[in-house]
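J.:
4 protein chains.
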Amino acid sequence: MEVGFLGLGIMGKAMATNLLRHGYRVTVWNRTIAKCQELVALGATVGETPAAVVAKCRYTIAMLSDPSAALSVVFDKDGVLEQIGDGKGYIDMSTVDAATSSKISESYVMGKGRMIVEAVKQKGGAFVEAPVSGSKKPAEDGQLVILAAGDKTLYDEMVPAFDVLGKKSFFLGEIGNGAKMKLVVNMIMGSMMNSLSEGLCLADKCGLSPQTLLDVLDLGAIANPMFKLKGPAMLQGSYNPAFPLKHQQKDMRLALALGDENAVSMPVSAAANEVFKKARSLGLGDLDFSAVYEVVKGAGGSGQA
Amino acid sequence: MEVGFLGLGIMGKAMATNLLRHGYRVTVWNRTIAKCQELVALGATVGETPAAVVAKCRYTIAMLSDPSAALSVVFDKDGVLEQIGDGKGYIDMSTVDAATSSKISESYVMGKGRMIVEAVKQKGGAFVEAPVSGSKKPAEDGQLVILAAGDKTLYDEMVPAFDVLGKKSFFLGEIGNGAKMKLVVNMIMGSMMNSLSEGLCLADKCGLSPQTLLDVLDLGAIANPMFKLKGPAMLQGSYNPAFPLKHQQKDMRLALALGDENAVSMPVSAAANEVFKKARSLGLGDLDFSAVYEVVKGAGGSGQA
Amino acid sequence: MEVGFLGLGIMGKAMATNLLRHGYRVTVWNRTIAKCQELVALGATVGETPAAVVAKCRYTIAMLSDPSAALSVVFDKDGVLEQIGDGKGYIDMSTVDAATSSKISESYVMGKGRMIVEAVKQKGGAFVEAPVSGSKKPAEDGQLVILAAGDKTLYDEMVPAFDVLGKKSFFLGEIGNGAKMKLVVNMIMGSMMNSLSEGLCLADKCGLSPQTLLDVLDLGAIANPMFKLKGPAMLQGSYNPAFPLKHQQKDMRLALALGDENAVSMPVSAAANEVFKKARSLGLGDLDFSAVYEVVKGAGGSGQA
Amino acid sequence: MEVGFLGLGIMGKAMATNLLRHGYRVTVWNRTIAKCQELVALGATVGETPAAVVAKCRYTIAMLSDPSAALSVVFDKDGVLEQIGDGKGYIDMSTVDAATSSKISESYVMGKGRMIVEAVKQKGGAFVEAPVSGSKKPAEDGQLVILAAGDKTLYDEMVPAFDVLGKKSFFLGEIGNGAKMKLVVNMIMGSMMNSLSEGLCLADKCGLSPQTLLDVLDLGAIANPMFKLKGPAMLQGSYNPAFPLKHQQKDMRLALALGDENAVSMPVSAAANEVFKKARSLGLGDLDFSAVYEVVKGAGGSGQA
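Residue numbers (this note's numbering), protein chains in the order written: chain A, 904 to 1208; chain B, 904 to 1208; chain C, 904 to 1208; chain D, 904 to 1208.
1. In three-state terms, what does DSSP make of N1034 of chain A?
2. Give me the DSSP bridge partner(s) of M905 of chain A.
3. Grouping DSSP H, G and I as helix and E and B as strand, with all else coil, what is T963 of chain C?
4. Could you pull the start and end residues of the beta strand (DSSP E) that V983 of chain A belongs to?
5. Can you give me the start and stop residues for the alpha helix (DSSP H) that G1110 of chain B sits inside?
6. Looking at C-beta atoms only, is the number of pairs between the region 1157-1170 of chain C and the region 1113-1121 of chain C that lie closer than 8 Å three or more?
7. Give the residues of chain E in contact with S1184 of chain C, contact being defined as C-beta atoms less than 8 Å apart.
8. Let me know if L1105 of chain A comes out buried or exposed under the rule of 16 or more other beta-carbons within 10 Å of its beta-carbon.
9. Would a check of beta-carbon distances place S1193 of chain C closer than 7 Å to chain A?
10. Any idea what DSSP makes of D1191 of chain D, helix, strand or coil?
11. Can you give me the start and stop residues for the alpha helix (DSSP H) that A1160 of chain B sits inside?
12. Among A:G1186, A:L942, A:A1145, A:E1032, which has the Cα closest to the Cα of S1193 of chain A?
13. Straight-line CA distance for A1001 of chain C to G982 of chain C?
14. So is E1101 of chain C in contact with chain D if we call contact Cβ pairs under 7 Å?
15. Give the interface partners of K1181 of chain C over in chain B, defined as CB-CB distance under 8 Å, in chain order.
16. Shortest alpha-carbon distance to L1057 of chain A belongs to which of A:N1080, A:C1109, A:V1031, A:K1040?
17. Alpha carbon to alpha carbon, how far is H925 of chain D from G1053 of chain C? Give it in angstroms, no decimals.
18. Would L911 of chain B and L945 of chain B qualify as a contact pair, given that the criterion is a beta-carbon distance under 7 Å?
19. Confirm the yes/no value for this check: CB of M918 of chain D, any heavy atom of the ligand FAD, distance under 6 Å.
20. Where do the N-terminal and C-terminal ends of the beta strand (DSSP E) with S1072 of chain A fall, by residue?
21. I think V1198 of chain D touches P1170 of chain C, with their Cβ atoms under 8 Å apart; what is that distance to the nearest whole Å?
22. Using a threshold of 7 Å, state whether the C-beta atoms of S1004 of chain C and G1079 of chain C are closer than that.
23. Measuring straight from C-alpha to C-alpha, what distance separates L967 of chain D and V977 of chain D?
24. Along chain D, which residues have their Cβ under 8 Å away from the Cβ of G1174 of chain B?
25. Going by DSSP in three states, I1078 of chain B sits in which element: helix, strand or coil?
26. Name the chain D residues that come within less than 8 Å of L1120 of chain C, Cβ to Cβ?
27. Where DSSP assigns a beta bridge to Y993 of chain A, which residues make up the other side?
28. Which residues does DSSP list as the beta-bridge partners of L1047 of chain A?
29. DSSP beta-bridge partners for A1052 of chain D?
30. I'd like to know whether the C-beta atoms of V906 of chain B and V929 of chain B end up nearer to each other than 7 Å.
31. Output needed for A1173 of chain B: all residues of its chain with C-beta closer than 7 Å, excluding positions within five of it in sequence on either side, in chain order.
32. Expressed to the nearest angstrom, what Euclidean distance is found between the alpha-carbon atoms of D1191 of chain D and G1045 of chain A?
33. Taking S1036 of chain C as the query, report the chain D residues whose CB atoms sit under 9 Å from its CB, ordered along the chain.
34. Just mark T935 of chain A as buried or exposed, buried being the case when its beta carbon has 16 or more other beta carbons within 10 Å.
35. In this structure, how does DSSP classify T1003 of chain A when only helix, strand and coil are distinguished?
36. For V949 of chain A, list the residues DSSP reports as bridge partners.
Quick look at the structure:
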């Protein structure tokens, strides 16, 4: 099977490598073309532009760094849109919001001027958004969780590739649902991080060892990889940003906004969100989201208010 | 090794059985003496009263249903206190509050009348509180988590027995710390249950399948046994009380009170506690604590306000 | 002094009447022209279109029902924009969001197509936004509070008219600040309404008369017109929508969003917002915002979840 | 009319003075007897002990500093209890909790030893608790608000005196209700102080003048004496303790506990309470309760966590 692959950052490189190892023929493109060489050594071909990759391959996967990059690769000169069409599929696995996915998927209309921009579907192409859960290590190990939505036929055709990239893929329905599912998961994760922080702090202040609390938690009904991984680092005040606090807070804000649209009252998430905001106001936004523990403890980062 | 065992309810029976199976000689007592027969069939001896058990055994373990029963067995006529003394150890594994453990451990003074009641330590005995985490199944499998505190020497002597009863025991320091550790764990658990409920509800209202959310959660960094066990039941509106909501709310209230004593601000736990209170006010207190999901959904039990 | 007046709803009619009574020459326009007759009886002249009013008057005040009406009157055919220009001032006193005021004030650009729309300032006109606090009665009595922002020179010229319409006007700086000030005030008001509801409910449940609580409150340091006005109606379950709950919740959401932009953690407002959301989810959105009391009591509107 | 008056602190002195000025014959007692001289100059008689005052007067009012003083004056040697009896009334206007009032009113039983202490009612006396709302100035001006409960006949007999001391008195039913009413009022007050703090902080961070916000608030539906009095001081960082933050937080805790007993969910008060706790943890407990503004701003007192 031949696939195109756009974007060879940490995630994209690992994913393209896995496809090559499982016998896929892969045509890669990256904004900095030099980054393609490592993949060429593993058997990849290089495409000069996103358009060239799409022209060559029936299926093209993208793994870009953010919504802006995801839009550029499609709409800019020599972009995906120039070659997408009947019988071709485009699969964006970048982590983007629902609105970005919608723009890539469909034409959109701006203001009263009705400036129509054609997008993948108008050109006749099929589109699937497929953001993933998991970072570098799961990407390398083919253990991502894939949250796909959009064109069901294209999804079905991609399942073998998804099986190489991840341990499990879900088809979630209409475009935007992949992004929404990530928000819901991250919202729960954010509340749990606050709960853990409160528990560690309470233990400490009432004469129990926070490390022992972690040990007890790890043996019980609420044991989970996040507590196990982050807990000990938090006790050491170590917050290397695997997932920056400002992004976690943004996701909680967006999840709460989704709740607002749908009239879902979520007081626990709202309380957690305000603590993350306090953390941001104290200058902790670029640390790992577990740095919310510093706010619960009452210390306060760089202290500016 | 010879041990006494007071209390043969669901938990106690399973625990005493495990001790017998591992070669301990066990003298059992239960308020309803008939319940002892099953254990006798496995090799146990019967003690007529708590005092008789203590007289015979160097170590006596108790597993009673609540604080009131835990106090009765010690202070009532023919109780533990009548025979406890130098060289004897008493280990209460019941789930009780810190105040109850303190009463059993030490003399206490009531009012200005200075009415002194002698307790285990005044009599010369050693005392360990050792509440457990885990219910019927872990008790049968010897997979409890034991949260011990009090007399360190007695704890050390009991470790072989604890190894039979549980997968891990912790020594947490002074009397009361076992109870406090349980409160902290349950507080985190209560917030997490609220977070899960909010996530399930948000998923449902914004067009995602709550069951798929459970599946996605189970593959990620916050996967945990509680979500896996309770989640599907919640989606079916099934709330068999493994841990009644009113007890969960009581534990959150006590944990928040502990936070108040120690000036620990815990807004997420406080928000979760208010939702559990709302659940209680709607008549859901006797259901499993996962019934808080009904409040988040907006339905409302029997509806009386 | 000659002023134009666009919009003769409940508020606009009362305000234009006050201007006439204080000797202003007023040229009125209303979408339903028939509504102008009452004002003509008091000495007003009628303008055929917004453009005609602006052509005739140096200053034109608008009091429209919502953002959409406020935009139409400016940008549609025969709108304000056709005649606004050097030496003319436009004062929009409608309650609109900051974004709407900005659109009326300045050109704006949509998307990459750079479709530029000219607005009041590009045409050479001066613009002041001036939303008011207060409803029908204060409008009739000239007792509004006016929250003005934008062109300071125009504001200064309008002060005599503002003195007729209100008991006090404030100049708050750049466009958008009037809307922001309203949001902050309404946010505080929303939290206070929740506080009152919780207090009334607690009083009732613990054996105190809620009516007596209102009486006690009215004699103390937190006595305020809202408690005095709404409290007794709430106890009777009467929620005639002076300010609909769904609008209050929208304002709280926007105020929280403003807090998010500026990294201000506001846990009390966030908690109050979630209760208003719960009220919306229970079908209470069209009642007065004091209907949040029903949620606190635990009853639940029409009960759909 | 002859009344006894126990306790001549700031409040008591002002109140006894008012009674004298309105023609009451007053027999005063104070722990530091020297403090009585000022009242003697106004016509008061001095009693040597609380018992002596009660022996002489049909009605005795007490205004003590705290629960401990309130209990001492009754139960200690030469205390009220020695002379109280049929036909005599005791009115405690100190601010105490419901439990303290109950102890003064009725016998109570401690522990299993059933140590019975006789109190006012057992001796045949009548008892009214009557805590007040208002501090020094209202006490001097006879403008207190009196929250009475207990013996209705005694209350009715005291109304003329209450009319001298306060602008309004309420009879609230059974003993404890006066204390509960104060808790409910203070809970609402605490939430409102948080709301104001959040609003001031949001205004400041989004480019509005906090002082202008205070001015706008003071003209609207939520204008109240507390905002007017405390607001400007808060903007100057001035927190002279009219009502210490730690007492406000204690009252919120007790109000929430009352809500817990009665299954009243109060998320806004709970959120406010956690912010007050954070303030306590930052060393602000002895400042005025308006110092919670410092926590909302993100500064943090002496910074110890």
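Think of the CB as a built atom: it goes at the ideal place given N, C-alpha and C, for glycine as much as any other residue.
T.: In brief:
1. Your numbering for residue 1034 of chain A matches position 131 in the first sequence. Checking the displayed sequence, the identity of residue 1034 of chain A turns out to be Pro instead of Asn. In the structure shown, P1034 of chain A sits in coil (DSSP, three-state: anything other than H, G, I, E or B).
2. Stepping through the first sequence from its first residue, residue 905 of chain A is reached at position 2. Reading the sequence as shown, one finds Glu at residue 905 of chain A and not Met. According to DSSP, which records beta bridges pairwise, E905 of chain A is partnered with A:R928.
3. Indexing the third sequence from 1 puts residue 963 of chain C at position 60. Strand.
4. Residue 983 of chain A sits at position 80 when you count from the first residue of the first sequence. Note, V983 of chain A: premise wrong, no beta strand (DSSP E); not H, not E.
5. Counting from 1 along the second sequence, the entry for residue 1110 of chain B is found at position 207. It is not in any alpha helix (DSSP H) - G1110 of chain B carries neither H nor E in the DSSP assignment.
6. no
7. Absence of chain E from the displayed structure is noted, the protein chains being A, B, C and D.
8. As a working note, residue 1105 of chain A is residue 202 in the first sequence. Buried: at least 16 other Cβ atoms inside 10 Å.
9. Walking along the third sequence from the start, residue 1193 of chain C turns up at place 290. No, S1193 of chain C lies away from the interface with chain A (no Cβ there is under 7 Å from its Cβ).
10. For the purposes of this step, residue 1191 of chain D is identified with residue 288 of the fourth sequence, where counting begins at 1. In this structure, D1191 of chain D counts as strand in the three-state DSSP scheme.
11. Here residue 1160 of chain B corresponds to residue number 257 of the second sequence, with the count starting at 1. Element bounds for A1160 of chain B: 1148-1164.
12. Along the first sequence, one-based indexing puts residue 1193 of chain A at 290. Nearest C-alpha to S1193 of chain A: A:A1145.
13. Against the third sequence, residue 1001 of chain C aligns to sequence position 98. Against the third sequence, residue 982 of chain C aligns to sequence position 79. In a straight line, the C-alpha of A1001 of chain C is about 21 Å away from that of G982 of chain C.
14. Counting from 1 along the third sequence, the entry for residue 1101 of chain C is found at position 198. Chain D contact via Cβ: present.
15. In the third sequence, residue 1181 of chain C corresponds to position 278, counting from 1. Neighbours of K1181 of chain C on chain B, chain order: G1201.
16. Position 154 of the first sequence, counted from the start, is the residue given in the question as residue 1057 of chain A. Answer by Cα proximity: A:V1031.
17. In the third sequence, counting from the first residue as 1, residue 1053 of chain C sits at position 150. In the fourth sequence, counting from the first residue as 1, residue 925 of chain D sits at position 22. So the two alpha carbons sit approximately 59 Å from each other.
18. Along the second sequence, one-based indexing puts residue 911 of chain B at 8. Along the second sequence, one-based indexing puts residue 945 of chain B at 42. Cβ atoms of L911 of chain B and L945 of chain B: not closer than 7 Å.
19. Among the components of this structure there are no ligands whatsoever, and the ligand FAD is therefore not found.
20. One-based indexing of the first sequence puts residue 1072 of chain A at position 169. It spans 1069-1074 - the beta strand (DSSP E) in which S1072 of chain A sits, taken as one unbroken run.
21. Here residue 1198 of chain D refers to the residue found at position 295 of the fourth sequence. Here residue 1170 of chain C refers to the residue found at position 267 of the third sequence. Not confirmed; about 10 Å, so no contact.
22. Counted from its first residue, the third sequence places residue 1004 of chain C at position 101. Counted from its first residue, the third sequence places residue 1079 of chain C at position 176. Yes, these two residues count as a Cβ contact at 7 Å.
23. The residue labelled residue 967 of chain D in the question sits at position 64 within the fourth sequence. The residue labelled residue 977 of chain D in the question sits at position 74 within the fourth sequence. Cα-Cα distance, rounded: 11 Å.
24. Indexing the second sequence from 1 puts residue 1174 of chain B at position 271. Rather than Gly, the amino acid found at residue 1174 of chain B in this sequence is Ala. Near A1174 of chain B (Cβ distances below 8 Å), the residues of chain D are P1170, A1173, A1174.
25. Your numbering for residue 1078 of chain B matches position 175 in the second sequence. If DSSP states are grouped into helix, strand and coil, I1078 of chain B belongs with coil.
26. Residue mapping note: residue 1120 of chain C aligns to position 217 of the third sequence, counting from 1. The contacting residues are V1088, I1091.
27. Against the first sequence, residue 993 of chain A aligns to sequence position 90. In DSSP, Y993 of chain A forms a bridge with A:T963, A:F1030.
28. Working through the first sequence from its first residue, we reach residue 1047 of chain A at position 144. DSSP output for L1047 of chain A lists A:G1069 as bridge partner(s).
29. Counted from its first residue, the fourth sequence places residue 1052 of chain D at position 149. D:E1032.
30. Position 3 of the second sequence, counted from the first residue, corresponds to residue 906 of chain B. Position 26 of the second sequence, counted from the first residue, corresponds to residue 929 of chain B. Yes, these two residues count as a Cβ contact at 7 Å.
31. For the purposes of this step, residue 1173 of chain B is taken as the residue at position 270 of the second sequence. Answer for A1173 of chain B: L1159, listed in chain order.
32. Residue mapping note: residue 1191 of chain D aligns to position 288 of the fourth sequence, counting from 1. Residue mapping note: residue 1045 of chain A aligns to position 142 of the first sequence, counting from 1. Using only the alpha carbons, I get a separation of about 58 Å.
33. Residue mapping note: residue 1036 of chain C aligns to position 133 of the third sequence, counting from 1. Going along chain D in sequence order, the residues near S1036 of chain C (Cβ under 9 Å) are V1119, L1122, G1123, A1124.
34. As a position in the first sequence, residue 935 of chain A is number 32, starting the count at 1. Exposed.
35. Translated into positions along the first sequence, residue 1003 of chain A becomes position 100. T1003 of chain A falls in the helix class under three-state DSSP.
36. In the first sequence, residue 949 of chain A corresponds to position 46, counting from 1. Partner(s): A:V931.
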